[in-house]
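Note that the protein sequences, when read in sequence, are chains Z and H.
Throughout the first sequence, residue numbering follows this note's numbering, covering 1 to 113 in sequence.
Throughout the second sequence, residue numbering follows this note's numbering, covering 1001 to 1115 in sequence.
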Amino acid sequence: RKEVEQDPGPFNVPEGATVAFNCTYSNSASQSFFWYRQDCRKEPKLLMSVYSSGNEDGRFTAQLNRASQYISLLIRDSKLSDSATYLCVVNIVRDTGFQKLVFGTGTRLLVSP
Amino acid sequence: GAGVSQSPSNKVTEKGKDVELRCDPISGHTALYWYRQRLGQGLEFLIYFQGNSAPDKSGLPSDRFSAERTGESVSTLTIQRTQQEDSAVYLCASSRNEGSNQPQHFGDGTRLSIL
């Protein structure tokens, strides 16, 4: 099982739609979670951190479900400019205590007029 | 600097040549990471530095790949005897410290093409 799994998509939605992505992780000891955005042929950029109580930043809402070991990203009122690949990032804790961030392979979103 | 700086932006070289890629992290960031991303694929972790030591080299694909870092500054990724499958974008990221609760900030990447 992959440490971080995402549906690769693509998710095709019209402008104005609400769309949600889920990401599952395997390590129950994980404590830190992020969503990154990557535009075509560009570097990943931090979109938002994910906090235990859930958090919102404008049209974007991130939530964490520890019991089921998944995080979600909800985008409301989709814009054409939201078209990108969304990367789920989770810190993985090894048995040795060593931790590192692991990136999912991303979910591609296409917003059409 | 304001952000992570990588050079060169693009590198085209012949199979069998050695290449050296450079990363200059954000000032004050002690942790530095190298990733590889092939076209249409996800990020592939290569190596992580904390200061100038590398506690995790697990992602280096072969002994042709090596990396070093001087102090808490510039890192170089060296690929010897390049092969066509090495063609990819090589991304560098830095974060404030080794704690993985800190987000990583990426450079623009080096696009490497092996002919």
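Glycine is no exception: its CB is placed at the ideal position from the N, C-alpha and C atoms.
Not a single C-beta of chain Z is nearer than 8 Å to the C-beta of D1024/H. About 13 Å separates the beta carbons of F21/Z and Q38/Z, which is beyond the 8 Å limit, so they are not a contact pair. The contact set of P1103/H on chain Z, defined by CB atoms closer than 7 Å, consists of F34, L46 and S49 in chain order. A residue is called buried once 16 or more other Cβ atoms fall within 10 Å of its Cβ, and N1097/H, having fewer, is exposed. The beta carbon of S1005/H lies closer than 7 Å to those of D1024 and G1107 in the same chain, with the five residues before and after it left out. Collapsing the DSSP output to three states places L1115/H in coil.
Residue F1065/H holds the alpha-carbon nearest to the alpha-carbon of Q1083/H among S1053/H, F1065/H, L1091/H and S1058/H. Taking S83/Z as the centre and dropping the five residues before and after it, the same chain places the C-beta of L109, L110 and V111 closer than 7 Å to its C-beta, in chain order.
In the three-state reduction of the DSSP assignment, Q38/Z falls in the strand class, which pools E and B.
In the three-state reduction of the DSSP assignment, L1043/H falls in the coil class. Per DSSP, S1058/H lies in no beta strand (DSSP E) segment and is marked neither H nor E. Among the residues facing chain Z, F1049/H is not included, as its CB has no counterpart in that chain under 8 Å away. Judged by DSSP in its simplified three-state form, S112/Z adopts strand. T107/Z has its alpha-carbon roughly 15 Å from the corresponding atom of L1039/H. Look at L1112/H: its C-beta is not under 8 Å from any C-beta on chain Z. Residues are counted here when their Cβ sits less than 9 Å from a Cβ of chain H; for the segment 93-105 of chain Z these are V93, F98, Q99, K100, L101, V102, F103, G104 and T105, given in chain order. Excluding its 5 nearest sequence neighbours in each direction, Q99/Z has C-beta neighbours in its own chain below 6 Å: N91 and V93, listed in chain order.
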